[in-house]
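First the structure, in the form of structure tokens, and then the observations on it.
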Amino acid sequence: MSTRDWLLEDSPTSRWQANAGRAYRVFTALLRNPLSVVGGIIILVLILTAIFAPWLAPYSATGQDLANRLAPPSGTHWMGTDELGRDIFSRVIWGSQITLTIVGLVALISAPLGLLVGAISGYFGGWTDRILMGFTDIFLSMPKLILALAFVAALGPGINNAIIAIAITSWPAYARIARAETLTIRNAEFIAAVRLQGASPLRVIVQHILPLCTSSMIIRVTLDMAGVILTAAGLGFIGLGAQPPLPEWGAMISRGRTFILDQWWVATMPGFAIIIVSLGFCFLGDGLRDVLDPKSEGK
Amino acid sequence: MSLEPQIAAAPAPVSLSRRKWGRGLSAILGFVATVFLTFLGLLAITFFIGRVIPIDPVLAVVGDRATQAVYDAAKISMGLDQPIYVQFVQYVGKVLTGDFGMSVSTGRPVITDISRFFPATLEMATLGIIIGVVIGVPLGVIAASRQGSVIDQIIRVVGLLGYSMPAFWLGLVGLALFYARLRWVGGPGRLDIFYDGLVSPVTGLLLVDSLVQGEFDIFWNAINHLILPASVLGFFSLAYIARMTRSFMLDQLSQEFVTTARVKGVPERVVIWRHAFNPIRVPLITVIGLSYAGLLEGSVMIETVFSWPGIGNYLTTALLNADMNAVLGSTLVIGAVFIFINKISDVLYRVLDPRAR
Chain S
1 MSTRDWLLED SPTSRWQANA GRAYRVFTAL LRNPLSVVGG IIILVLILTA
51 IFAPWLAPYS ATGQDLANRL APPSGTHWMG TDELGRDIFS RVIWGSQITL
101 TIVGLVALIS APLGLLVGAI SGYFGGWTDR ILMGFTDIFL SMPKLILALA
151 FVAALGPGIN NAIIAIAITS WPAYARIARA ETLTIRNAEF IAAVRLQGAS
201 PLRVIVQHIL PLCTSSMIIR VTLDMAGVIL TAAGLGFIGL GAQPPLPEWG
251 AMISRGRTFI LDQWWVATMP GFAIIIVSLG FCFLGDGLRD VLDPKSEGK
Chain Y
1 MSLEPQIAAA PAPVSLSRRK WGRGLSAILG FVATVFLTFL GLLAITFFIG
51 RVIPIDPVLA VVGDRATQAV YDAAKISMGL DQPIYVQFVQ YVGKVLTGDF
101 GMSVSTGRPV ITDISRFFPA TLEMATLGII IGVVIGVPLG VIAASRQGSV
151 IDQIIRVVGL LGYSMPAFWL GLVGLALFYA RLRWVGGPGR LDIFYDGLVS
201 PVTGLLLVDS LVQGEFDIFW NAINHLILPA SVLGFFSLAY IARMTRSFML
251 DQLSQEFVTT ARVKGVPERV VIWRHAFNPI RVPLITVIGL SYAGLLEGSV
301 MIETVFSWPG IGNYLTTALL NADMNAVLGS TLVIGAVFIF INKISDVLYR
351 VLDPRAR
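Residue numbers (the numbering used here), protein chains in the order written: chain S, 1 to 299; chain Y, 1 to 357.
Right, dumping it as structure tokens:
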């Protein structure tokens with residue numbers, strides 16, 4: 001029996017085999033969608049770049065070379081150099097680590113928070129639901145960027161506070177999704193069966209409801225990542241996110257502002273990195289949605 | 001457990017029209033309650049940001065170079081010796097009377113600053129949404145009627161770029177290209193320096209003021225400066241509006257009444273623009289409203305790039321100077337306008353679409 005047959009077995013003999021089979025089916029379905037392949041490759045390249053930045057970057061991210069300041073793109077400096085003679089290509093490569101950290105941490109903070117709020121709200125219903133969802137709706141109807149700005153202003157500039165501020169403003173959408181999913185499954189018989197066995201609400205939610213919310217959550221988180229990258233870059237651009245000399249892409253664009261009229265490459269190059277990575281998340285998210293949630297295809 | 005309130009709320013047997021009235025009234029009351037709660041939530045959030053997060057809110061307002069006397073006076077005038085709920089009630093009272101405190105960096109009351117800067121933002125966002133609607137809606141309709149065509153592909157790409165391009169970056173590239181290279185448009189700011197201050201602000205909207213006062217030179221100069229930032233904003237609303245229009249139109253075009261119209265021999269142009277387009281006008285209003293609110297928010301980034309003297313620029317300057325009163329004041333105003341537009345488009349949807357009543 002080949003690995004492929006084992007994965008596609010109609011009657012899996014273990015939970016592990018069932019999960020692996022499902023993952024394999026999603027994976028092959030994704031491979032048939034060209035855009036999601038492109039998206040996946042972009043994300044993969046981002047991750048590899050972040051991991052291998054020390055070996056990939058031809059120059060250091062902070063090493064200055066004032067004799068070579070504001071040099072245009074050339075064979076030695078692929079994206080030119082900035083006002084301190086730092087190689088922009090190397091800085092963009094190092095910057096991928098920062099972008100990946102921001103994206104990862106925001107997802108790690110806001111998705112579980114939203115999941116928990118939504119699942120509790122949907123599972124218990126009644127006043128718990130009303131209060132939690134009222135709270136969620138209030139957050140949902142606020143302008144996210146402005147709110148994030150105000151939070152950073154109070155917490156103080158810096159990359160950690162930027163992550164916290166973005167996470168605070170992005171959980172409500174996940175809470176809404178988790179609640180909707182919970183409502184459809186909370187009256188299912190298998191939940192009733194678990195409850196009759198004496199499972200506590202905590203156990204029902206964590207062990208039996210949350211796992212079923214994950215696929216719609218993964219889609220939404222992937223699609224939202226483009227927005228998170230843009231917000232983080234915006235905070236960096238205004239000067240409230242990552243602080244110099246960190247090679248954060250938004251902050252790099254901000255430094256290049258002064259030279260935009262004559263040395264266009266200083267500000268434009270990091271922008272291309274932002275666009276490509278955001279596009280990658282959009283493509284992958286779209287593909288995942290088509291595979292995992294065929295109902296909403298084409299919307 | 002969850003059934004109880006529904007049983008309690010079962011309608012009493014009254015005549016149809018009275019019941020309809022009653023339902024309308026309770027819908028209005030419910031709406032007012034949501035709006036009220038949302039605004040209260042906004043106030044609670046800004047209160048939380050201003051008073052609870054900072055370790056020393058007084059220091060956050062007066063700055064760390066203030067003398068002890070100023071510090072003590074500020075502490076008492078902010079009511080920080082009171083319990084927190086009293087502080088919140090006082091805060092709400094102050095905001096309702098338009099008292100957002102003094103701005104440390106400009107030395108004027110925040111409300112004066114905001115009323116001076118807001119029209120510039122309004123002007124830019126309004127022109128932006130006009131661009132977005134005028135181009136985006138027809139593009140979306142055409143894309144849907146010719147699915148898979150070149151235009152359809154363009155809409156797809158534009159839509160994706162709209163989601164993944166930083167607005168401030170597009171603004172910078174636009175400046176470098178259309179202002180520095182091609183010299184097609186005016187540079188940063190609302191006017192060339194030698195036109196500055198010639199028009200006395202009445203509405204604060206330069207285009208209106210200059211026209212009313214017959215200063216056509218200034219009008220053209222203002223347009224020249226406005227067109228690039230407004231187009232950048234317009235691009236983002238265009239991306240969203242075209243995408244949504246396309247998706248609404250596709251829903252309509254697959255309906256049976258469209259097929260019927262086609263079979264009857266109605267010209268394709270009429271089928272698309274009358275039979276299919278008319279029903280989507282209502283959801284489009286919601287989309288446009290949301291997009292307009294989004295533009296007010298998006299202008300924060302754009303204004304920084306174009307040195308546009310609007311509320312976004314005011315907010316970012318205040319952020320960098322840790323001028324908390326100004327930050328919270330602008331957050332409140334932008335947030336309130338954002339919520340207001342959202343709710344208005346929600347109401348319009350309900351009023352215009354009989355199915356949603």
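Beta carbons are placed, not taken as given, at the ideal position from N, Cα and C, and that holds for glycine.
What you are looking at is a predicted structure, and each value in this text was computed from that prediction instead of being measured.
Check whether the stretch 196-207 of chain Y and the stretch 108-125 of chain Y touch, using three or more Cβ-Cβ pairs below 8 Å as the test. As far as the Cβ criterion goes, the stretch 196-207 of chain Y touches the stretch 108-125 of chain Y, which means the pair count is three or higher.
Quick one: any contact between the stretch 151-167 of chain S and the stretch 218-235 of chain S, if contact means 3 or more CB pairs under 8 Å? yes
Give, in chain order, every residue of the stretch 108-128 of chain S whose Cβ lies closer than 8 Å to some Cβ of chain Y. Those would be G125 and G126, in chain order.
Could you give the C-beta distance for S307 of chain Y and G189 of chain Y, rounded to a whole number, given that I count them as a contact under 8 Å? 5 Å
Comparing the CB of L328 of chain Y with every heavy atom of the ligand HEM, is any distance shorter than 7 Å? This structure simply doesn't include the ligand HEM, nor any ligand for that matter.
Can you find a C-beta in chain S that's less than 8 Å from the C-beta of P279 of chain Y? no
Let's test the definition: count the other Cβ atoms within 10 Å of the Cβ of I219 of chain S and tell me whether it reaches 16, buried, or not, exposed. Buried, because 16 or more other Cβ atoms sit within 10 Å of the Cβ of I219 of chain S.
Against chain Y, with Cβ distances strictly below 8 Å, would E297 of chain S count as a contact? In this prediction, E297 of chain S has a pLDDT of 45, which is less than 50 and means its spatial position is unreliable; nothing more can be read from the coordinates.
CA nearest to the CA of D10 of chain S, picked from S:N68, S:G21 and S:I120: S:G21
Starting from the beta carbon of E123 of chain Y, find every residue of chain S whose beta carbon is closer than 9 Å, and list them in chain order. Ordered by position in chain S, no residue passes the 9 Å Cβ test against E123 of chain Y, which lies about 19 Å from the chain.
Would S278 of chain S pass as an interface residue toward chain Y - the criterion being a Cβ-Cβ separation below 8 Å? yes
Rounded to the nearest angstrom, what separates P166 of chain Y and W265 of chain S at their Cα positions? 16 Å
For M142 of chain S, which three-state DSSP category applies? Coil.
In terms of residue numbering, what span does the alpha helix (DSSP H) encompassing A173 of chain S cover? I159 to I185
Is the distance from the Cβ of L105 of chain S to the Cβ of I163 of chain S below 8 Å? yes
Within-8 Å CB hit, T268 of chain S to chain Y: Yes, its Cβ sits closer than 8 Å to a Cβ of chain Y.
Mind checking whether A242 of chain S and G234 of chain S have CB atoms under 8 Å apart? No, the pair does not count as a contact, with Cβ atoms beyond the cut-off.
8 Å is my cut-off, CB to CB: does Y314 of chain Y come that close to chain S? no
Can you give the beta carbon distance from I311 of chain Y to S291 of chain Y, rounded, assuming they're within the 8 Å contact cut? Contact doesn't hold; Cβ gap of about 18 Å is too wide.
So which residues on chain Y does R257 of chain S lean against when the C-beta distance must stay under 7 Å? Taking a Cβ-Cβ cut-off of 7 Å, the neighbours of R257 of chain S in chain Y comprise L172, given in sequence order.
At the 8 Å Cβ level, is E297 of chain Y part of the contact set with chain S, yes or no? yes
Going by alpha carbons, who is nearest to F47 of chain Y out of Y:V86, Y:L122, Y:A69 and Y:I193? When only C-alpha atoms are compared, the closest one is Y:V86.
G126 of chain S to N187 of chain S, Cα distance in whole Å? 15 Å
Between the Cα of L66 of chain S and those of S:E83, S:A23, S:R25 and S:A57, spot the shortest distance and give me the residue it belongs to. Measuring from the Cα of L66 of chain S, the nearest candidate turns out to be S:E83.
Cα-Cα, which of S:Y174, S:T62 and S:M79 is closest to D224 of chain S? S:Y174
Using a Cβ-Cβ distance under 8 Å, would P58 of chain S count as near chain Y? no
Determine the direct distance from the alpha carbon of D56 of chain Y to that of Y76 of chain Y, and round the result to whole angstroms. The sequence shown places Ile at residue 76 of chain Y, rather than the Tyr named in the question. Distance between the alpha carbons of I76 of chain Y and D56 of chain Y is about 13 Å.
Whole-angstrom distance between G148 of chain Y and I272 of chain Y, CA atom to CA atom: 17 Å
Reduced DSSP secondary structure (H/G/I, E/B, other) of D64 of chain Y: coil
Following the continuous alpha helix (DSSP H) through H225 of chain Y, name the residue where it begins and the one where it ends. F216 to L253 is the extent of the alpha helix (DSSP H) around H225 of chain Y.
Name the DSSP beta bridge partners of P112 of chain S, please? According to DSSP, P112 of chain S bridges with nothing at all.
Excluding the 5 residues preceding and the 5 following C213 of chain S in the sequence, name in chain order all residues of the same chain whose CB lies nearer than 8 Å to its CB. L115, G118, A119, I177, A178, E181 and T182
Exposed or buried, what is Y195 of chain Y when buried is set at 16 or more other beta-carbons lying within 10 Å of its beta-carbon? buried
Nearest-angstrom Cβ-Cβ length linking V327 of chain Y and A153 of chain S, presumed shorter than 8 Å: 5 Å
With 16 other CB atoms within 10 Å as the buried threshold, where does S26 of chain Y fall? Counting every other CB atom within 10 Å of its CB across the protein chains shown gives S26 of chain Y a total below 16, marking it as exposed.
I'd like to know whether the C-beta atoms of G174 of chain Y and R243 of chain Y end up nearer to each other than 8 Å. Not in contact: G174 of chain Y and R243 of chain Y (Cβ atoms no closer than 8 Å).
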